[in-house]
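Novice:
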Amino acid sequence: MITPGSKYFLGLTGLGLVSAVLYCFLVNPSDLGAYALFGLFISAALIAGFSIFTSDGDTDSVAEAVEANTETTAPSFWPIVFALGGALTLLGIATNEIVFVLGLAVLVGGAVEWVIDDWAEKASADTEFNSFIRHRAIGALDYPGIAAVVLGVVAFLFSRIMLTVSKDEASIIFIIVSALIFVTGFLLAAKPALRGKSTAIISVVGALVLAVAGVTSALNGERKELVKYAKEDPYSISHRECGKEAGEHYDHEANGSVSLRSGVIATIFVEGGKIRAQEVGLKRDVQAITIPRSNSTTILFRNLDSEEYRLVANLGEAKVGTTDVMEKVGTCTQLTGKNEEQALTVTIPKPSNPEAPYTLTVPGATGEIKVVVP
Amino acid sequence: MDTVSPVKSLTRRISTTVAGVAGAVVLAGCAQNAPQDTWKPKGDNAQMIYSLDKLVFPIAGIVGVLVSALAGYIFVKFRDKGQAIPAQSHGKPIVEIVLTIVPALILTVVGVFTFRTIMDLAETQDTEMIINVTGQQWWWEYDYPAQADQGITQPIITSGQLVIPEDTNVLLRETSRDVIHSFWIPALNGKKDAVPGRIHLLRMQADQPGIYAGQCTEFCGLSHANMRMEAIALSKEDFAKWVANQQKPYTAPAEGTLAKEGEGVFINQCARCHQVNGIKDANGKAIISAPDENVYSGAAPNLTTLMTRNTFAGAMFDMVNQKCRADVWDAKSEDFGAKYLAGVTEDCLNEKNLRAWLRNAPAMKPMYADPAKLEKTNGLYRGMPNLGLTEDDIDKLVAYLLTLK
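Top line first, the protein sequences correspond to chains R and U. Counted the way the working numbering counts, the first sequence spans residues 1 to 374. Counted the way the working numbering counts, the second sequence spans residues 1001 to 1405.
(1) Looking only at its chain, what residues have a beta carbon closer than 6 Å to the beta carbon of U:Ile1394, apart from the 5 residues adjacent to it on each side?
(2) Taking DSSP as the reference, what is the three-state secondary structure of R:Glu408?
(3) Compute the Euclidean distance between the alpha carbons of U:Pro1145 and R:Gly185, then round it to the nearest angstrom.
(4) What does R:Lys350 reach in chain U if we use C-beta pairs closer than 9 Å?
(5) Closest to U:Glu1174 by C-alpha separation, out of U:Glu1141, U:Pro1155, U:Thr1168 and U:Pro1165, would be which residue?
(6) For U:Met1129, does the three-state DSSP call read helix, strand or coil?
(7) Where does U:Gly1214 sit, in a helix, a strand or coil, going by DSSP?
(8) Output, in sequence order along the chain, the residues in the stretch 1193-1207 of chain U whose CB is closer than 9 Å to any CB in chain R.
(9) Identify whether U:Lys1192 lies in helix, strand or coil by the three-state DSSP scheme.
(10) State buried or exposed for R:Gly86, treating a residue as buried only when at least 16 other CB atoms are found within 10 Å of its CB.
(11) U:Gly1160: buried (16+ other C-beta within 10 angstroms of its C-beta) or exposed?
(12) For R:Glu241, which of helix, strand or coil comes out of DSSP?
(13) Along chain U, in chain order, which residues have C-beta atoms closer than 9 Å to that of R:Gly321?
(14) When the distance is taken between beta carbons, is U:Ala1231 closer than 8 Å to U:Leu1341?
(15) Between the alpha carbons of R:Arg310 and R:Leu102, how many angstroms are there, rounded?
(16) Report yes if the C-beta distance between U:Val1195 and U:Ile1131 is below 8 Å; otherwise report no.
(17) Whose C-alpha, out of R:Leu12, R:Leu107 and R:Leu91, is nearest the C-alpha of R:Phe82?
(18) If we cut at 8 Å on Cβ distances, does R:Gly196 have a partner in chain U?
(19) What do you get for R:Ser159, buried or exposed, if any count of 16 or more other CB atoms within 10 angstroms of its CB means buried?
(20) So the alpha helix (DSSP H) R:Val150 belongs to, where does it begin and stop?
(21) Have a look at U:Asp1318 and U:Leu1404 and give me their C-alpha separation to the nearest angstrom.
(22) Does R:Ile201 get closer than 8 Å to chain A when you measure Cβ to Cβ?
(23) Give me the residue from U:Ala1213, U:Val1026, U:Tyr1400 and U:Gly1020 with the minimum Cα distance to U:Ala1254.
(24) Consider the Cβ of R:Ser178: report whether some Cβ of chain U lies at a distance smaller than 8 Å.
(25) Looking at the structure shown, is R:Thr3 part of a helix, part of a strand, or coil, going by DSSP?
(26) If the cut is a Cβ gap below 7 Å, which residues of chain R does U:Ala1299 touch?
(27) Out of curiosity, what's the CA-to-CA distance linking U:Asp1126 and U:Asn1268?
(28) Quick one, are the C-beta atoms of U:Gly1214 and U:Met1204 less than 8 Å apart?
(29) Bridge partners of U:Arg1203, per DSSP?
(30) Please name the residue in U:Pro1103, U:Trp1039, U:Ser1051 and U:Gly1091 whose C-alpha comes closest to that of U:Gly1064.
(31) Go ahead and pull the three-state DSSP assignment for R:Gly364.
(32) For R:Ala365, collect the residues of the same chain with a Cβ closer than 7 Å to its Cβ; drop the 5 residues on either side in sequence, then sort them by chain order.
(33) What do you get for R:His239, buried or exposed, if any count of 16 or more other CB atoms within 10 angstroms of its CB means buried?
(34) Label R:Gly263 either buried or exposed according to how many other C-beta atoms from any shown protein chain fall within 10 Å of its C-beta, with 16 as the threshold for buried.
(35) Using DSSP with H/G/I as helix, E/B as strand and the rest coil, what is R:Arg276?
(36) Can U:Lys1376 and U:Val1265 be called in contact, C-beta distance under 8 Å?
Structure follows, in C-alpha cells:
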C-alpha cells in the first residue's frame, strides 16, 4: 500500500530517474551530473521503499507502539557515517579511486557500527547494560580505529605542510613541533594539575592550527622542485632519438633527474669546446671509461659551455634483423644547454673490440672518450 | 626408592639442553680457523668498524645483562604465589627522569661515534684505485678500468678472487646484473649491497698480503650460501706482476697437443658463454661469447686467466688440492705473493673438483639449469647447465684450461 509519506519520495524517485535518463541522452552519460541524478533516484527509491515498508512509522498494535516509544540509549551518529560512506563511494566511482576506497571503508565501518549499535540497544531493557555490552563487543576496535584515522589525518596534514615549505623551513618546523610535543608531554606528566581543561584547549588549538595550515598548504601545492621531480620519468632518460629534439622520450627535466644519479659510472664534461671524462670514484680525468658487460649503466653528460651540445655513444655495428646488412648502433642525449645535465643509459651485451672500441663523442667539440667493455 | 617427578625431569632436560647449546655457542667463538671473523680486522676500514664495536659491544652487553638480570629477578621475586596484590602507585618523577636521561646519554655517545665511523667509511677522496664489482647468481665479477698509475693500461676482468695491492685505498663500485647481492669481506670492511641499476661504493684496503675470505650476505636465490668471494692482497711489486700477467696476449696451445684439442672443445661447448680474450676460430676470427643469449644475468665468468685463481664456481670449489691450498693460505706474508702468483700448476690442480664440475655442474652446485624448467627466464639459464661432455672431452678440456694462466 502506498502510504502518504512515501508519495513524496516516490515522486522524487520518478523525477530523479527521468532527469538522469534525459541527462544521459542530452548531456553526457559519463558525466558527474548523471551519477548525481542516478544517485538521487536510488536514494529516493530506497527511502520510499522504507517508508512503504514501515507504513510511515504508524503502528498497527499496542506492542509496536510500546516498542516505538521505548527510549533509545543515545542518538547514534553511525547512520550519518554510513550515508557519508555511500556518498563518498558514489563520488569515488565518478572521480577518484582513492575517494572510492575511502568511501567504501567508511561505508563498511559505518554499517558495522550501526548494526552493533542496533543490536546493543535491543539487548535488554537496561540501557547501562546495553552500553556495556556494546563496548565489550566493539570497543576494542573503536579506539584503535579512531586513533588510526586521527593519526592518518594528522600525518596527512603535516605532510602537506612539509611538502609546501622549503627544506630549511621544514627542518625548523620539525624541530619546533617535536620540541613542543616533548615539552607539553613533559609538563603534563610532571604537573598532573594541568590536565583536563588545559589538555583539551591545547588539543583543540593544535588541531585547528594543523588543519588550517594543512589545508592552506595543500591549496598552495608542493614546492617547486618536488613538482619537477614528481614529473620525472626515469626511463625517459634512455632513448634513441638522436637528432629529434623534444621527441616522445625527451627528458624535459634532465637537470632534476636525481633518481639515476646513484647508478652513474662516469661523467662526461664539455668545457672550452673539449670533451673530458671522470670515472666515479677517481678525481682525475681519464681517456677511457670501463663499463660492465650486459648491465644497465648510466653516463652523465654535463655541458659547461654556452653552446648547446649532445653526447653521442657510438656502439659499433649490428645486423639489421635477420639480414646480413650491418648498421651503426648508437644512442645520444638531447641537446644540452649551459650548465645542464643529461643522463645516457646504455646496456652493452658484447665486449668491445680492442682495435675498435666503442666511443663517446660530442659533435662540435673536440676529443673522444673510449668506452671499454671487458 | 626416590622417584623424580615428571616436572622436575622436564626442567632438568630443558636446563641441560639450554646449557649445552649455550656452551656450544661459546665454544664456537673460540674457533682458530675462522677466516670470516669480524673481530680480526686486517685493514683500515675494518679497523674503524672494530674500534666502534669495542665501544658499543661492552655498553650493549652491560645494558643487556643488567636488564635481563633485573627482569629475571623481578619475575622470580614477584611471581604469583597467591599473595595479595600490593598497593598500586603511579608515577615516580625522579626514577622516570633518570631512566630517560641515562639511556639518552648512552645512545648519544654511541650515536656520535657511530655517525663518525659511518662518515669515515663513506670517504672516497683518498681513492687510489677503482674496481667494478658486479654480482650475479652466484658469483662475483671484478673488472679493473685502465689506470696507468696502477700499471693497468688495459682493462682487466676476473672473477671469484678480487686481487688488490696492499696498503692501497681501493674503491669498489658495486652493482648487480640480476637480484640484490651483498659484498662482504669481514677482515677488510663491512658489507655493502650490490643493487641492479645502482652503483654503490665500498672502500677496501689491506694492511698486508694474504687471502681474506667473504660471503654474499643478501639472500639471492638457490645457491646464495655458495656465493663466496676472496680478496687477495699482494705487495705492490707482486700486484704489478699479476697485472702484467693478466694483460699479456693470449697464447694458443701448440698444434698436436691434447690442450689444442681441448681448445676446440672449448670453442664448441664453452665459448658461447665464457670469454677467453684473444681466442680465435679456425678462420682466425676473434670469438666473442654471447652469454646474454644464454644466461639470465647476461654474463658468465671470463676464463682468460682461469688458472691464476685458485678457486672456481663462485669461489665455492678449490682449484688446487689441499696441500697446495694450505701452502698458499698458511704462507707468511712475505712469501704469500710468490706462492699465489705461481697459479695452478699441474701438480696442484684439484682435478677431481674440476672434472666433476665439467661432468655435471648442477650436481655440484644448486642452480636453475634444467633445460625443461626455464619458462620463467625465457629459456635462459641461471648458472651453468650440464653440457653432457664425454670423458674424452673432459680430458681435453682440463688440458686446455690448465694453459689459461
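Cβ atoms here follow ideal geometry from the backbone N, Cα and C, with glycine treated the same way.
Specialist: Walking through what the data contain:
(1) Position 394 of the second sequence, counted from the start, is the residue given in the question as residue 1394 of chain U. Excluding positions up to five away in sequence, the list reads Arg1355 and Leu1358.
(2) Residue 408 of chain R cannot be examined here, being either before or after the span of chain R that is shown, 1 to 374.
(3) Your numbering for residue 1145 of chain U matches position 145 in the second sequence. Your numbering for residue 185 of chain R matches position 185 in the first sequence. Rounded to whole angstroms, the separation of the alpha carbons of R:Gly185 and U:Pro1145 is 58 Å.
(4) Against the first sequence, residue 350 of chain R aligns to sequence position 350. What R:Lys350 touches in chain U: Ile1288, Ser1289, Ala1290 and Asp1292.
(5) Position 174 of the second sequence holds residue 1174 of chain U. Among U:Glu1141, U:Pro1155, U:Thr1168 and U:Pro1165, the Cα nearest to that of U:Glu1174 belongs to U:Glu1141.
(6) In the second sequence, the residue the question calls residue 1129 of chain U occupies position 129. Three-state result, U:Met1129: strand.
(7) Here residue 1214 of chain U refers to the residue found at position 214 of the second sequence. Strand, per DSSP.
(8) Of all residues in the stretch 1193-1207 of chain U, only Val1195, Pro1196, Gly1197, Arg1198, Ile1199, His1200 and Leu1201 come within less than 9 Å of chain R when Cβ atoms are compared, listed by chain position.
(9) By one-based count along the second sequence, residue 1192 of chain U stands at place 192. Residue state, collapsed to three classes: strand.
(10) In the first sequence, counting from the first residue as 1, residue 86 of chain R sits at position 86. Classification for R:Gly86: buried.
(11) The residue given as residue 1160 of chain U occupies position 160 in the second sequence. Per the 10 Å Cβ criterion, buried.
(12) Sequence index remark: in the first sequence, residue 241 of chain R carries index 241 (1-based). Per-residue confidence for R:Glu241 stands at a pLDDT of 48, beneath the threshold of 50, marking its modelled position as unreliable; no derived number is given.
(13) Translated into positions along the first sequence, residue 321 of chain R becomes position 321. None at all; the shortest Cβ gap to chain U is about 16 Å.
(14) As a first step, residue 1341 of chain U is located in the second sequence; it is residue number 341 there, counting from the start. As a first step, residue 1231 of chain U is located in the second sequence; it is residue number 231 there, counting from the start. Cβ distance not < 8 Å, so U:Leu1341 and U:Ala1231 don't count as in contact.
(15) To locate residue 310 of chain R, count along the first sequence from 1; it is residue 310. To locate residue 102 of chain R, count along the first sequence from 1; it is residue 102. Roughly 48 Å between the two C-alpha positions.
(16) As a working mapping, residue 1195 of chain U is identified with position 195 in the second sequence. As a working mapping, residue 1131 of chain U is identified with position 131 in the second sequence. Against a cut-off of 8 Å, the Cβ pair of U:Ile1131 and U:Val1195 comes out as no contact.
(17) Walking along the first sequence from the start, residue 82 of chain R turns up at place 82. When only C-alpha atoms are compared, the closest one is R:Leu107.
(18) Here residue 196 of chain R is taken as the residue at index 196 of the first sequence, counted from 1. For R:Gly196, the answer is no, since every Cβ of chain U falls outside 8 Å of its Cβ.
(19) In the first sequence, the residue the question calls residue 159 of chain R occupies position 159. By the C-beta density criterion, R:Ser159 is exposed, having fewer than 16 other C-beta atoms within 10 angstroms.
(20) The sequence position of residue 150 of chain R within the first sequence is 150, counting from 1. Taken as a continuous stretch (DSSP letters only), the alpha helix (DSSP H) holding R:Val150 covers Thr127 to Thr164.
(21) Within the second sequence, residue 1318 of chain U is the residue found at index 318, counting from 1. Within the second sequence, residue 1404 of chain U is the residue found at index 404, counting from 1. Taking the straight line from one Cα to the other gives about 16 Å.
(22) No chain A appears in the structure shown, which is made up of the protein chains R and U.
(23) Locating residue 1254 of chain U in the second sequence gives position 254, where the first residue counts as 1. The shortest C-alpha to C-alpha distance from U:Ala1254 to any of U:Ala1213, U:Val1026, U:Tyr1400 and U:Gly1020 is the one to U:Tyr1400.
(24) Position 178 of the first sequence, counted from the start, is the residue given in the question as residue 178 of chain R. For R:Ser178, the answer is no, since every Cβ of chain U falls outside 8 Å of its Cβ.
(25) Walking along the first sequence from the start, residue 3 of chain R turns up at place 3. Three-state result, R:Thr3: coil.
(26) Start at 1 with the first residue of the second sequence, and residue 1299 of chain U comes out as number 299. Within chain R, the residues near U:Ala1299 are Arg293 and Ser294.
(27) Position 126 of the second sequence, counting from 1, holds the residue named residue 1126 of chain U. Position 268 of the second sequence, counting from 1, holds the residue named residue 1268 of chain U. Going from the Cα of U:Asp1126 to the Cα of U:Asn1268 covers about 46 Å.
(28) For the purposes of this step, residue 1214 of chain U is identified with residue 214 of the second sequence, where counting begins at 1. For the purposes of this step, residue 1204 of chain U is identified with residue 204 of the second sequence, where counting begins at 1. Their beta carbons are not under 8 Å apart, which means U:Gly1214 does not touch U:Met1204 by this criterion.
(29) By one-based count along the second sequence, residue 1203 of chain U stands at place 203. The partner list for U:Arg1203 (beta bridge, DSSP) reads U:Leu1171.
(30) As a working mapping, residue 1064 of chain U is identified with position 64 in the second sequence. Checking every option, the nearest Cα to that of U:Gly1064 belongs to U:Pro1103.
(31) Counting from one through the first sequence, the residue named residue 364 of chain R turns up at place 364. Of the three classes helix, strand and coil, the one that applies to R:Gly364 here is coil, per DSSP.
(32) The residue given as residue 365 of chain R occupies position 365 in the first sequence. The residues are Val270, Gly273, Lys274, Ile275 and Tyr309.
(33) As a first step, residue 239 of chain R must be located in the first sequence, where it is residue number 239. Unreliable placement is indicated for R:His239, whose pLDDT of 41 sits below 50; the coordinate value is still reported in the next sentence. It counts as buried.
(34) Residue mapping note: residue 263 of chain R aligns to position 263 of the first sequence, counting from 1. Answer is buried; the Cβ neighbour count reaches 16.
(35) One-based indexing of the first sequence puts residue 276 of chain R at position 276. Looking at R:Arg276 - three-state DSSP - the assignment turns out to be strand.
(36) Counting from one through the second sequence, the residue named residue 1376 of chain U turns up at place 376. Counting from one through the second sequence, the residue named residue 1265 of chain U turns up at place 265. No, these two residues do not count as a Cβ contact at 8 Å.
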